[in-house]
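Asks: Sharing a structure, written as structure tokens. Questions coming.
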């Protein structure tokens, strides 16, 4: 029968003078089962234990039924132990010395104890070869089992001490360790493992781990290991120093440290596969472990992943999963191949970051006439490409594919046609056209309203337009409509040479009257393919053109902020208006700015505002078929009011650090967190480790964080008391919270694509209301009783002397309960720091483990510990005082 003994043992702290730190926890356990010490006040750690006494406590520990079992038949058992010995025999753990004697007063040997425990806890041996030379016969299986489960390592490197008497200390340790072994079935399989960073991993189980077992594993702190193919669990590359389970006990966050026996790696290696295992026991000087459950070999730290490559309009966009260095923009680092593996030269042109802040995606202009539509290409990356943090692509992740648009989609299609001169008709397409196409002008037909045809003398290409010129004598008249027919194959997609137009018949083109525009209306329109960009459509009362744009010809007044159009900006005819009266300016953020040398001044329309659009006098021209110098222009400024449009992802308005247990992030609009989960959140903070002390960590994942969204506010809280948030700037860094890209969007669907929200405690929109908390305490000197105390941020004393401040601190569970008598705390704000010493007395600490001791802070309003914003620490305590002196 396997039972759990993962109990809180602090209440049974031993006071036996002969019990050292090696035996203390095991003796505490036996004391919890009712075992008493010797009459002289000692436990008798090094004295042998009688078989009868061992029997009593094995039965008590296992919880065996001792009431309804048959008599053992042994005649030498004292009355106080008859029931227990009966139960021991009934369970098949022992048959005694003979049929009628148990050997009650004999001392139990280490070999006999091994047999008892193996049977009692159903321990199975493996085929490991024993190094002990004094083990044979009936003891071989039992000793192998104890070695397998890490219950013992023998009395020397080559002896188990089979015939030696088991001491009371040995018995305590053997029995206690045996009770720590759960049936493997109680620990679910590992579902997945992943790295948060080079020293932190997250382990997810198929099912919830038993709460009692999870608590024990957390307390032990060192029962998860990670090792590569060259090692084993016994010689693992990394050992856990902190384990923290989520509230539902399905996920645990693990902080690793390099194994002292294996110093090859200080952090997880990118691209290397590790096996993560939960073991029954792991000590740095003990290579005997029992693997309870383990993962498949998994690459924990993936480094730079193969980028996503796609065609976006006239660009090839390479999107990485991390911020890249400048070499990502270098065309020389990319090669393009066709489906047959033949290199295609000259594909990529001018490069630019998609977002100059995140630098995770690069766009390259596609050079004309190189690629074909409806085709899959391969792109090979240079292995020297690196992320900003130094991560590189593994050799197996250097080649990926991208697809060009289908021929049907890339095929140029007519949007509209209009008369643009006395001898000129312009046909606008939805794609840029190649200007190197040779055409037969006799295949183009232009008809007047009366059915007569006009002679075509020339066909040329400009951007997305095909311009048809007639003979000089065949001129167009104002206000009349003409019909055009085009042969197939004359409009060729500029980027994809195999995508050409179908035959087009009977397009209508109207010749405008030579009238100046007097009215304009405007509208911001979200781009269909990119909701984070907006176009400006200008609709006039006459068909007009805006050519040779100079800076300031058009401006947008944001009532106090005036944005000017950039010189050379294209203003094209909008294909969705067959009258030709609507023009469009693409991507207003790129077209308008207060100062075009500074990206921060670019125009971003706000849906909550309205703007005045003004077109300067003389900027618009009639498109009537008259000589250019006769075309009428607007004789006055044209202006209109236009409502803003939402093209921005939600922005952080303010972050409030309420306490070490609550952070709220308020946005400038309502948010939808459909893509958010706890792994996308990071909060700087602390995790409770062995003995109750806290350790600095970047908190992420469902085992540490949880969140709720309400309207425009994201609230983040820890999953348990084992997790605390940073309460101000500490030496580990300024960052307080970050929210991953592609996780949030507003109600209009604008997502924070390619943008990670990062907030630091010193940002102007961060409001820190959190009071400081104690996150660690460490004995640094036995002679003076000095305790080093670490806070969650820089602190100093409100007033008083160092001795007066120290009186607010006291310790319980050490050699004596004591109050502080002196301190090195800063007494002035300018000297504030997050670590200082409190002096107790010379007899407060010894060379002992104080993982169950308590450090208490009792707030005194006169001498309070406070942070730089004068927020005073509330009365609080931590359990667990590190005593490295006892471990040296």
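Residue numbers (my numbering): 94 to 981. Glycine included, every Cβ here is placed at the ideal spot set by N, Cα and C. These numbers were taken from a predicted model, which means no experiment stands behind them.
1. Taking only three categories from DSSP, how would you classify residue 378?
2. Does DSSP put residue 961 in a helix, in a strand, or in coil?
3. Would you tell me roughly how many angstroms separate the C-alpha atoms of residue 865 and residue 895, rounded to the nearest one?
4. Using the Cβ count rule (16 or more neighbours within 10 Å means buried), how would you classify residue 110?
5. Quick check: what's the CA-CA separation for residue 254 versus residue 203?
6. Whole angstroms are fine: how far does the CA of residue 309 sit from the CA of residue 911?
7. So, for residue 209: in the same chain, excluding its five sequence neighbours on each side, which residues have a beta-carbon less than 7 Å away from its beta-carbon?
8. Helix, strand or coil: how does DSSP classify residue 276 here?
9. At the level of alpha carbons, what is the spacing between residue 303 and residue 242?
10. Could you spell out where the beta strand (DSSP E) holding residue 290 opens and where it closes?
11. Cβ atoms of residue 472 and residue 493: under 9 Å apart, would you say?
12. According to DSSP, which residues form a beta bridge with residue 792?
13. Need the endpoints of the beta strand (DSSP E) that residue 179 sits in, please.
14. Does the beta-carbon of residue 716 have 16 or more other beta-carbons within 10 angstroms, so that it is buried, or is it exposed?
15. Could you compute how far the alpha carbon of residue 699 sits from the alpha carbon of residue 868?
16. Which residues in the same chain as residue 674 place their Cβ atom closer than 8 Å to its Cβ, once the five residues preceding and following it in sequence are excluded?
17. Tell me the DSSP bridge mates of residue 975?
18. Below 8 Å on the Cβ atoms is my contact criterion, and I expect residue 853 with residue 932 to pass it. Report the Cβ-Cβ distance as a whole number of Å.
19. Could you pull out every residue in the same chain whose Cβ sits closer than 7 Å to the Cβ of residue 805, ignoring the five residues on either side in sequence?
20. Does the pairing of the stretch 617-628 with the stretch 572-587 give three or more beta-carbon distances under 8 Å?
21. Comparing alpha-carbon positions, which option in 812, 814 and 929 lies nearest residue 870?
22. Residue 710 and residue 733 - do their beta-carbons sit closer together than 9 Å?
23. I want to know whether the stretch 546-557 touches the stretch 484-492 - three or more CB-CB distances under 8 Å.
24. Between which two residues does the beta strand (DSSP E) harbouring residue 627 extend?
25. CA-CA distance, residue 590 and residue 501?
26. Is the distance from the Cβ of residue 426 to the Cβ of residue 505 below 9 Å?
27. Looking at the structure shown, is residue 913 part of a helix, part of a strand, or coil, going by DSSP?
28. Return the CA-CA distance between residue 195 and residue 155, expressed in angstroms with no decimal places.
29. Put residue 926 into one of helix, strand or coil per three-state DSSP.
30. If you compare alpha carbons, which of 552, 261 and 536 is closest to residue 530?
31. If we ignore side chains and look at the alpha-carbon of each, how far apart do residue 556 and residue 666 end up?
32. Report the rounded CA-to-CA distance for residue 873 versus residue 335, giving the unit in angstroms.
33. When you compare only the Cα positions, how much space is there between residue 176 and residue 249?
34. Going by CA-CA distance only, name the one from 457, 746 and 386 that's closest to residue 447.
35. If I follow the unbroken alpha helix (DSSP H) through residue 250, where does it start and stop?
36. Bridge partners for residue 577 per DSSP, in chain order?
Replies: So, from the listed chains and residues:
1. The predicted position of residue 378 is uncertain, since its pLDDT is 45 and thus under 50; a value taken from the coordinates is nonetheless stated next. Coil at residue 378, not helix or strand.
2. DSSP places residue 961 in coil when its eight states are reduced to three.
3. So the alpha carbons of these two residues sit roughly 18 Å apart.
4. Counting of Cβ neighbours within 10 angstroms places residue 110 among the exposed residues, the total staying below 16.
5. Put simply, the backbone Cα of residue 254 is about 6 Å away from that of residue 203.
6. Spanning the two alpha carbons is a distance of roughly 30 Å.
7. Correct list, in chain order: 151, 186 and 187.
8. Because the pLDDT at residue 276 is just 44, under 50, the model does not fix this residue reliably, and the value given afterwards should be weighed accordingly. Secondary structure of residue 276 (DSSP, three-state): coil.
9. Residue 303 and residue 242 have their C-alpha atoms roughly 20 Å apart.
10. Unbroken beta strand (DSSP E) run through residue 290: 283-290.
11. The Cβ atoms of residue 493 and residue 472 sit closer than 9 Å to each other.
12. For residue 792, which the question treats as bridged, DSSP gives the partners 776.
13. For residue 179, no beta strand (DSSP E) run applies; the uninterrupted alpha helix (DSSP H) run containing it begins and ends at 175-183, by DSSP.
14. Residue 716 should be labelled buried.
15. Rounded to whole angstroms, residue 699 to residue 868 spans 44 Å at the Cα level.
16. Closer than 8 Å at Cβ, skipping near neighbours: 632, 633, 634, 635, 636 and 637.
17. Beta-bridge pairing links residue 975 to 871.
18. Wrong, their Cβ atoms sit about 35 Å apart, outside the cutoff.
19. The answer, listed in chain order, is 759, 760, 762, 763 and 764.
20. Under the 8 Å Cβ criterion, the stretch 617-628 does not count as touching the stretch 572-587, having fewer than three qualifying pairs.
21. The residue from 812, 814 and 929 with its alpha-carbon nearest to that of residue 870 is 929.
22. Judged by their CB atoms, residue 733 and residue 710 are not nearer to each other than the 9 Å cut-off.
23. Segments in contact, no.
24. From DSSP, the beta strand (DSSP E) with residue 627 extends over 627-633.
25. Taking the straight line joining both Cα atoms gives about 13 Å.
26. Cβ distance not < 9 Å, so residue 426 and residue 505 don't count as in contact.
27. Residue 913 falls in the coil class under three-state DSSP.
28. For residue 195 and residue 155, the gap between their C-alpha atoms comes out near 20 Å.
29. Here residue 926 sits in strand by DSSP.
30. Of 552, 261 and 536, the smallest CA-CA separation from residue 530 is found for 552.
31. Straight across, the Cα-Cα distance linking residue 556 with residue 666 is about 12 Å.
32. Approximately 22 Å, taken between the alpha carbons.
33. Computed Cα separation, rounded: 37 Å.
34. Nearest option by C-alpha distance: 457.
35. Segment: none, residue 250 is in no alpha helix (DSSP H) and carries neither H nor E.
36. Paired residue(s): 539 and 600.
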